[in-house]
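Protein chains: 2
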Amino acid sequence: MFSQKVIDSLSKSSWIRAMFEEGENLRKIYGPDKVYDFSIGNPEMEPPLAVRESIKKISLSDEPGQHRYMSNAGYQDVREKVAQYINRENGVSLTAQHIVMTCGAAGGLNVVLKALLNPGEEVIVLSPYFVEYLYYIDNHGGVPVVVPTDSETFQPDIEAIERNITNRTKAIIINTPNNPTGVVYNETILKNISELLESKEKEFGTSIYVISDEPYAKIIYDGVKVPSILKIFKNSIVVNSFSKSHALPGERIGYIAVSSTMDNCGTLVNALVFCNRTLGFVNAPALFQKVIAETLNAAVDIDAYKKRRDLLYNHLISLGFSCIKPEGGFYLFPKAFVDDDVEFKNHALKHNILIVPGQGFGWKGHFRLSYCIDIKVIENSLPAWEALVREFK
Amino acid sequence: MFSQKVIDSLSKSSWIRAMFEEGENLRKIYGPDKVYDFSIGNPEMEPPLAVRESIKKISLSDEPGQHRYMSNAGYQDVREKVAQYINRENGVSLTAQHIVMTCGAAGGLNVVLKALLNPGEEVIVLSPYFVEYLYYIDNHGGVPVVVPTDSETFQPDIEAIERNITNRTKAIIINTPNNPTGVVYNETILKNISELLESKEKEFGTSIYVISDEPYAKIIYDGVKVPSILKIFKNSIVVNSFSKSHALPGERIGYIAVSSTMDNCGTLVNALVFCNRTLGFVNAPALFQKVIAETLNAAVDIDAYKKRRDLLYNHLISLGFSCIKPEGGFYLFPKAFVDDDVEFKNHALKHNILIVPGQGFGWKGHFRLSYCIDIKVIENSLPAWEALVREFK
Numbered sequence: 001m002f003s004q005k006v007i008d009s010l011s012k013s014s015w016i017r018a019m020f021e022e023g024e025n026l027r028k029i030y031g032p033d034k035v036y037d038f039s040i041g042n043p044e045m046e047p048p049l050a051v052r053e054s055i056k057k058i059s060l061s062d063e064p065g066q067h068r069y070m071s072n073a074g075y076q077d078v079r080e081k082v083a084q085y086i087n088r089e090n091g092v093s094l095t096a097q098h099i100v101m102t103c104g105a106a107g108g109l110n111v112v113l114k115a116l117l118n119p120g121e122e123v124i125v126l127s128p129y130f131v132e133y134l135y136y137i138d139n140h141g142g143v144p145v146v147v148p149t150d151s152e153t154f155q156p157d158i159e160a161i162e163r164n165i166t167n168r169t170k171a172i173i174i175n176t177p178n179n180p181t182g183v184v185y186n187e188t189i190l191k192n193i194s195e196l197l198e199s200k201e202k203e204f205g206t207s208i209y210v211i212s213d214e215p216y217a218k219i220i221y222d223g224v225k226v227p228s229i230l231k232i233f234k235n236s237i238v239v240n241s242f243s244k245s246h247a248l249p250g251e252r253i254g255y256i257a258v259s260s261t262m263d264n265c266g267t268l269v270n271a272l273v274f275c276n277r278t279l280g281f282v283n284a285p286a287l288f289q290k291v292i293a294e295t296l297n298a299a300v301d302i303d304a305y306k307k308r309r310d311l312l313y314n315h316l317i318s319l320g321f322s323c324i325k326p327e328g329g330f331y332l333f334p335k336a337f338v339d340d341d342v343e344f345k346n347h348a349l350k351h352n353i354l355i356v357p358g359q360g361f362g363w364k365g366h367f368r369l370s371y372c373i374d375i376k377v378i379e380n381s382l383p384a385w386e387a388l389v390r391e392f393k
Numbered sequence: 394m395f396s397q398k399v400i401d402s403l404s405k406s407s408w409i410r411a412m413f414e415e416g417e418n419l420r421k422i423y424g425p426d427k428v429y430d431f432s433i434g435n436p437e438m439e440p441p442l443a444v445r446e447s448i449k450k451i452s453l454s455d456e457p458g459q460h461r462y463m464s465n466a467g468y469q470d471v472r473e474k475v476a477q478y479i480n481r482e483n484g485v486s487l488t489a490q491h492i493v494m495t496c497g498a499a500g501g502l503n504v505v506l507k508a509l510l511n512p513g514e515e516v517i518v519l520s521p522y523f524v525e526y527l528y529y530i531d532n533h534g535g536v537p538v539v540v541p542t543d544s545e546t547f548q549p550d551i552e553a554i555e556r557n558i559t560n561r562t563k564a565i566i567i568n569t570p571n572n573p574t575g576v577v578y579n580e581t582i583l584k585n586i587s588e589l590l591e592s593k594e595k596e597f598g599t600s601i602y603v604i605s606d607e608p609y610a611k612i613i614y615d616g617v618k619v620p621s622i623l624k625i626f627k628n629s630i631v632v633n634s635f636s637k638s639h640a641l642p643g644e645r646i647g648y649i650a651v652s653s654t655m656d657n658c659g660t661l662v663n664a665l666v667f668c669n670r671t672l673g674f675v676n677a678p679a680l681f682q683k684v685i686a687e688t689l690n691a692a693v694d695i696d697a698y699k700k701r702r703d704l705l706y707n708h709l710i711s712l713g714f715s716c717i718k719p720e721g722g723f724y725l726f727p728k729a730f731v732d733d734d735v736e737f738k739n740h741a742l743k744h745n746i747l748i749v750p751g752q753g754f755g756w757k758g759h760f761r762l763s764y765c766i767d768i769k770v771i772e773n774s775l776p777a778w779e780a781l782v783r784e785f786k
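Below, the structure is given as structure tokens:
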């Protein structure tokens, strides 16, 4: 009766959301402090002080016209400031003309895919992946091609990528620091991918675009540097949001930055602006465009995330879990004690621990933990983890 | 290289936006007070005082978690208040479960069409129409079927609608008060359409949904009442925004309300929430959800719009234009003095008058004027209109 595809998707819909609702039920039964919910990446931190002050200042200013439509690309001065920020961070030379302000990264990714894809064109997604990518690609007539990363390091596997590039390959989505693994993709590997793409573009007479989804770029640990996608790839499009760096996920504010080294980058930006309009985003929310332009250098307290990572990671390792140590983001992606990660999720549930099965990220046998939660929940969960592990000894 | 369809659309893209840019050029040459820009529906009014106070209050509250993700459907308490508001205005019985908060009406319409449409299904659009509908339908694999309204009254033509309903008809979009004509669709005609749809549903064994785009529902004149779509149509879905009523177009806040009388309305709401998420809207902006929940009864000063309507309408009539008197919205849709409305647009441009040709709304020979502008611009434009008319005498 309704869209059959959407109805079919409803039943097998997001594991993350399913666990979120499971959590709501458990909290009602056991009380919120007896439930250890690691299922959803909804940062419990408040926005940095500078961001909160900026929201107040702009709201109080009563500046005329501040809630009106602006260009579908966003405010010119905001786009300029975002370009300057990107230039400082990446050593590139973008201008306002390379920036489109968006309703978060999710909005941005849909706009990019709509602007790029012709029916049946392929988009490479590296697993484990953020499951929404598959829907975003399908929304605009594309075909996702899932390519596993290295099963030990979760770094991109260049040979596997090479095997999957065809003359229909339009783009590859890169997500570093990665959700769900927390891995930061290695600069040399990315440079090798760049060479591979250029040689494949020549071979097929096509263009292959790198779409970099970077919401966790500012949440990094231990002095790690996230390689600059704009520097490494000629045909790169960076999509970013302030959901994580500024703890503003509910406000839907982000941007698209198109590499100035891309052929016809001006046409692509026009296409992005058109798609931002006709997909119904129209423009990024006005007030929060102004807020982020004033606070581009702000970021949540990374040390607070590091403390959570270390506490949970060290505990799991001490209990015998195998897990790569995250260099960024706020997720752990340990190996389950049984092959069937859904079964393992059910075991964890019996201890009031909520986790997301790895198959929700296209990677069976693992599970994802989100540690952007109250540290007391992590502390209180430690005995529950021990009890869970005892089941398997 | 990019999406061929999008690139093709760029060249024939929105007349409204094209005129907007033409206006920017003219203002640079002649100065802003010598350019009479009636091209874009970007209200120059500020939000009502209650709305501005609410933005300040919520921004200053520092309530923890107010910028976090919430359910993809929106805050539960906001959805409840919107349902209660709709019930008061329409005499229906919706609950929070029938409401999905959206990024404006444009976002809401895309979500509805994605949730409804299977490939190749048809959506009836009554001309003259808001041109974006055609893109929204195409985004989700639907086929727009344009059905002209009555050429004298711009009321829906029931016989023309009947001729265009097939077993592939999935929906009809209704926009009342109408953009661009300002006409409020007549209650008896709407009831006849409802009977027609029910009989066609029986004939074809299908469901036909009425999607009502109502951003102008609160901007009405002369005591006119806008008939309640939720009361008249069993399978109705109302999409609304606070862009016009609250003068918040840049903030992207609106909602979808699904009729409780629809079969499987719960499934449709689930599908809408899924599409809100996977199309990348994720959720309606958090802060402005809270603002509108506090100010549902607020509205901009309708008298100010009425003053503008009367000034411009009376002047055009006195100059010999033929134009239906708008009962709502903030547009006039007069007949041009020549059949070719683009040629007429060019004549007007020579007098620094910016108008949008009727063919931008699927209706040649007319033009649209947006009067949600500074009343001084309208006053200053009066001699320019006289000069324009003299050309045709």
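Residue numbers (the numbering used here), protein chains in the order written: chain G, 1 to 393; chain Y, 394 to 786. Cβ coordinates follow ideal geometry from the N, Cα and C atoms, glycine included.
Per-residue DSSP class, three states only, for residue i
i	result
His-759 of chain Y	strand
Gly-205 of chain G	coil
Ile-99 of chain G	strand
Val-603 of chain Y	strand
Asn-628 of chain Y	coil
Ile-566 of chain Y	strand
Ile-409 of chain Y	helix
Lys-290 of chain G	helix
Glu-591 of chain Y	helix
Asp-696 of chain Y	helix
Glu-122 of chain G	strand
Ala-677 of chain Y	coil
Leu-312 of chain G	helix
Pro-32 of chain G	helix
Gly-467 of chain Y	coil
Asn-110 of chain G	helix
Lys-728 of chain Y	strand
Asp-734 of chain Y	helix
Neighbour flag for residue i against chain G, beta carbons, 7 Å
i	result
Leu-747 of chain Y	no
Gly-643 of chain Y	yes
Val-577 of chain Y	no
Val-810 of chain Y	There is no way to answer for residue 810 of chain Y, as the model of chain Y reaches only from 394 to 786.
Pro-573 of chain Y	no
Leu-661 of chain Y	yes
Thr-511 of chain Y	According to the sequence as given, residue 511 of chain Y is Asn; it is not Thr. Interface residue, yes.
Phe-667 of chain Y	yes
Ile-604 of chain Y	no
Lys-450 of chain Y	no
Val-632 of chain Y	no
Gln-397 of chain Y	yes
Any C-beta of chain Y under 7 Å from that of residue i
i	result
Met-1 of chain G	yes
Cys-265 of chain G	no
Arg-163 of chain G	no
Ile-174 of chain G	no
Tyr-331 of chain G	no
Ala-299 of chain G	no
Leu-10 of chain G	yes
Beta-carbon separation (whole angstroms), residue i vs residue j, contact threshold 8 Å
i	j	result
Leu-680 of chain Y	Glu-251 of chain G	6 Å
Cys-103 of chain G	Ala-284 of chain G	6 Å
Ala-115 of chain G	Ile-99 of chain G	Rounded, the Cβ-Cβ distance is 14 Å, inconsistent with contact.
Ser-260 of chain G	Val-131 of chain G	So it is not a contact: roughly 32 Å between Cβ atoms.
Taking contact to mean at least 3 C-beta pairs separated by less than 8 Å, is the region 472-492 of chain Y in contact with the region 68-87 of chain G?
no
Between the region 699-715 of chain Y and the region 440-448 of chain Y, do three or more beta carbon pairs fall short of 8 Å?
no
Would you call the region 107-126 of chain G in contact with the region 252-259 of chain G, where contact means no fewer than 3 C-beta pairs closer than 8 Å?
yes
Three CB pairs or more closer than 8 Å across the region 554-564 of chain Y and the region 735-743 of chain Y:
no
Under 8 Å: do the region 661-670 of chain Y and the region 574-589 of chain Y share three or more Cβ pairs, one atom per stretch?
no
The region 375-392 of chain G contacting the region 193-209 of chain G, beta-carbon criterion three pairs below 8 Å:
no
Under 8 Å, with one C-beta from each stretch per pair, do the region 745-764 of chain Y and the region 513-532 of chain Y reach the 3-pair mark?
yes
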